[in-house]
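>
2 protein chains.
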Amino acid sequence: MGLFSGLDRGVTQVARRLRSALPGELLHQAGEAGLAWRVGKGVLRLDMMADDGTAAFASLAIAGDILGCETMLFGAYTFSAVALTQCELAPWPEGDPDASGSSLLESLANAQRRAAEIVALRGGPALGRVTSLIRLLADGAGKVVLPPRQDIAEITDLRFETISRIIKGLERSQVLLPVRIEGVHATRAYSVASGILPA
Amino acid sequence: MGLFSGLDRGVTQVARRLRSALPGELLHQAGEAGLAWRVGKGVLRLDMMADDGTAAFASLAIAGDILGCETMLFGAYTFSAVALTQCELAPWPEGDPDASGSSLLESLANAQRRAAEIVALRGGPALGRVTSLIRLLADGAGKVVLPPRQDIAEITDLRFETISRIIKGLERSQVLLPVRIEGVHATRAYSVASGILPA
DNA sequence: CGCATTTTTGATACACGTCAATCTCCGTGG
DNA sequence: CCACGGAGATTGACGTGTATCAAAAATGCG
């Protein structure tokens, strides 16, 4: 039970400490103090300061990933985190800290595989990079709410004009079907043809 | 002491279990069984099977990184590992497993930062990608033994002809000075001008 | 409705890819 | 010691995918 042994651990408290974030929402900035989280749902974009002082895309965090674990070592976030889709986060470590050993090992193995996926998003022809990213962002039902073209561009190391042309092309070839969702920009919500969905 | 409690843990045994690898040497292949290691010195290239069955560059492992920790979960390596520079590896986890909790947390934070570095190697202009990689590969004294052009190409998502042109250009602009090292291909060993070395 | 933001589209430029011909290095065997 | 051969590196000519620049069109908001 760690630091909180003996304190009220009722369901309501645990539920209260969950955090959810809307697309575009800034979770935290590099250098700030804060907690570590486990991503329960959604996709986050992580940015790091480059040598020239500008924030550059560094990584994605996806369901299951640990966010900001370095705060437990240095007391500050290394990356800025912005929600790309709607996200749900839970404080980490959760539950019994004695079990966190194997959970940590699993998280490390996951982080290494996740890194490989993101590397793949930045190589090869532009079309493939964008469809791979869409696959990552799509929910199980074949719906996606895409981030702004500019974000997709920075993640894939392309330009937003290129992203626009590619997505329009996917629309025209019926791979993406525009869908209207209240409160979501009309150019962001799509239904995805099963052809490019994860096996 | 974990599994080996009470067994001979003398210095000679620990030394015997270290592993070193020469540039180009295959450490292990994806799917094989084996141990987890900590990289003590050198740089490894990790490859993953792509959808089409070919091995694709996935990540780099650098001094301090944990290699193959997933074998402790699944019993098999996820990535193939090839030494790019001369490497020294030590079995992991080392020493007292009770201390591995904080060590694991540190490894996780490291892995996430490492991933960001590798993402940066695959974005922006070709020249910058190559010099960043050279910076990663260089030793403290400003010497590098580069891997074959083809490896550099796959890591940076460029073509080997492009790499050749860039490295020749760095030679001509005196950023790289060819150095002769016995047993090393003449086009691989360089002295690096301080201009592009890590601050 | 007017305005800021984002997206789309077009025309053009260029960095890098592609293809193909050497060239260099280095191990091997005569 | 030198001829040979293979692997990797270099170089040139040319093609093309994406970047760049610029303008217009959507979209959402007060």
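Residue numbers (our numbering), protein chains in the order written: chain A, 1 to 199; chain B, 200 to 398.
Backbone N, C-alpha and C define an ideal beta-carbon position, used for all residues, glycine too.
1. CA-CA distance, Pro-222 of chain B and Val-175 of chain A?
2. Residues of the segment 60 to 92 of chain A with a CB closer than 7 Å to any CB of chain B: list them in chain order, please.
3. What are the residues of the segment 350 to 371 of chain B that lie near chain A, defined by any Cβ-Cβ distance shorter than 7 Å?
4. Go ahead and pull the three-state DSSP assignment for Asp-350 of chain B.
5. Taking just the CA atoms, how far does Arg-244 of chain B sit from Gly-2 of chain A?
6. Grouping DSSP H, G and I as helix and E and B as strand, with all else coil, what is Ala-109 of chain A?
7. From Asp-8 of chain A to Trp-37 of chain A, what does the alpha carbon distance come to, in whole angstroms?
8. Closer than 8 Å, CB to CB, is Val-329 of chain B near chain A or not?
9. Check distances from the C-beta atoms of the segment 110 to 124 of chain A to those of chain B and list, in chain order, the residues that come in under 8 Å.
10. Taking 8 Å as the limit between beta carbons, can you name the residues of its chain near Ala-115 of chain A, skipping five residues before and five after?
11. Three or more C-beta pairs under 8 Å: does that hold for the segment 74 to 85 of chain A against the segment 112 to 127 of chain A?
12. Apart from the five residues on each side of it in sequence, which residues of its chain come closer than 8 Å, Cβ to Cβ, to Ala-50 of chain A?
13. My output table needs one value for Ser-393 of chain B: the three-state DSSP class, helix, strand or coil.
14. Do you know how far the Cα of Lys-240 of chain B is from the Cα of Ser-5 of chain A?
15. Which residue marks the beginning of the alpha helix (DSSP H) containing Ala-126 of chain A, and which one marks its end?
16. Taking Cβ positions only, does Ala-126 of chain A come closer than 8 Å to chain B?
17. For Met-248 of chain B, would you say it is in contact with chain A, using Cβ-to-Cβ distances shorter than 8 Å as the test?
18. Taking the alpha-carbon of Ser-173 of chain A as reference, which of A:Phe-160, A:Ser-191 and A:Ala-76 has the nearest alpha-carbon?
19. In chain order, what residues of the same chain lie with their CB nearer than 8 Å to the CB of Lys-342 of chain B, ignoring the 5 residues before and after it?
20. Using a Cβ-Cβ cut-off of 6 Å (strictly less than) and excluding sequence neighbours within five positions of Ile-152 of chain A, which residues of its own chain qualify?
21. In the DSSP assignment, find the alpha helix (DSSP H) that holds Arg-371 of chain B and state where it starts and stops.
22. Any beta carbon from chain B within less than 8 Å of Glu-182 of chain A's own beta carbon?
23. Pull up the distance between the alpha-carbon of Pro-198 of chain A and that of Leu-133 of chain A, whole angstroms please.
24. Look at the alpha carbon of Leu-336 of chain B and the alpha carbon of Val-329 of chain B, and state the distance between them as a whole number of angstroms.
25. How would you call Leu-26 of chain A, buried or exposed, if buried means at least 16 neighbouring beta carbons within 10 angstroms?
26. Residue range of the alpha helix (DSSP H) that Phe-256 of chain B falls in?
27. What are the partner residues of Ser-80 of chain A, as DSSP defines its beta bridges?
28. I'd like to know if Ser-393 of chain B contacts chain A, where contact means its C-beta is closer than 8 Å to some C-beta of that chain.
29. Strictly below 7 Å CB to CB, what residues from chain A border Glu-305 of chain B?
30. Counting only beta-carbon separations shorter than 8 Å, does Ala-58 of chain A have a partner in chain B?
31. With distances taken Cα to Cα, identify the nearest neighbour of Ala-287 of chain B among B:Met-271, B:Leu-272 and B:Arg-218.
32. Quick one: Cα of Gly-10 of chain A to Cα of Arg-216 of chain B, how far?
33. May I ask which residues mark the beginning and end of the alpha helix (DSSP H) holding Leu-375 of chain B?
34. Going by C-alpha to C-alpha distance, which of B:Pro-347, B:Thr-355 and B:Ala-289 sits closest to Ala-325 of chain B?
35. CA-CA distance, Ala-109 of chain A and Met-271 of chain B?
So, from the data block:
1. 45 Å
2. Ile-66, Cys-69, Glu-70, Met-72, Leu-73 and Thr-78
3. Asp-356
4. helix
5. Model confidence at Gly-2 of chain A stands at a pLDDT of 43, short of 50, so the residue's coordinates are unreliable; what they give is reported in the following sentence. Approximately 39 Å between the Cα atoms of the pair.
6. helix
7. Model confidence at Asp-8 of chain A stands at a pLDDT of 47, short of 50, so the residue's coordinates are unreliable and nothing is read from them.
8. no
9. Ala-111, Gln-112, Arg-113, Arg-114, Ala-115, Ala-116, Ile-118, Val-119, Ala-120, Arg-122, Gly-123 and Gly-124
10. Ser-59
11. no
12. Ala-56
13. helix
14. Residue confidence is low: Ser-5 of chain A scores 42 on pLDDT, short of 50, so the model does not pin down where it sits. Its coordinate-derived value is still stated next. So the alpha carbons of these two residues sit roughly 41 Å apart.
15. 126 to 137
16. no
17. no
18. A:Ser-191
19. Val-378, Ala-388, Tyr-389, Ser-390 and Val-391
20. Ile-163
21. 359 to 371
22. no
23. 11 Å
24. 11 Å
25. exposed
26. Run containing Phe-256 of chain B: none in the alpha helix (DSSP H); it sits in the beta strand (DSSP E), 254 to 261.
27. A:Asp-47
28. no
29. Leu-73
30. yes
31. The sequence as given places Glu at residue 287 of chain B; Ala does not occur at that position. Here the closest residue by C-alpha is B:Arg-218.
32. Below a pLDDT of 50, predicted positions are generally treated as unreliable, and Gly-10 of chain A, at 45, falls in that range; no measurement from the model is reported.
33. Where Leu-375 of chain B is concerned, there is no enclosing alpha helix (DSSP H), although the beta strand (DSSP E) it sits in stretches over 375 to 377.
34. B:Thr-355
35. 10 Å
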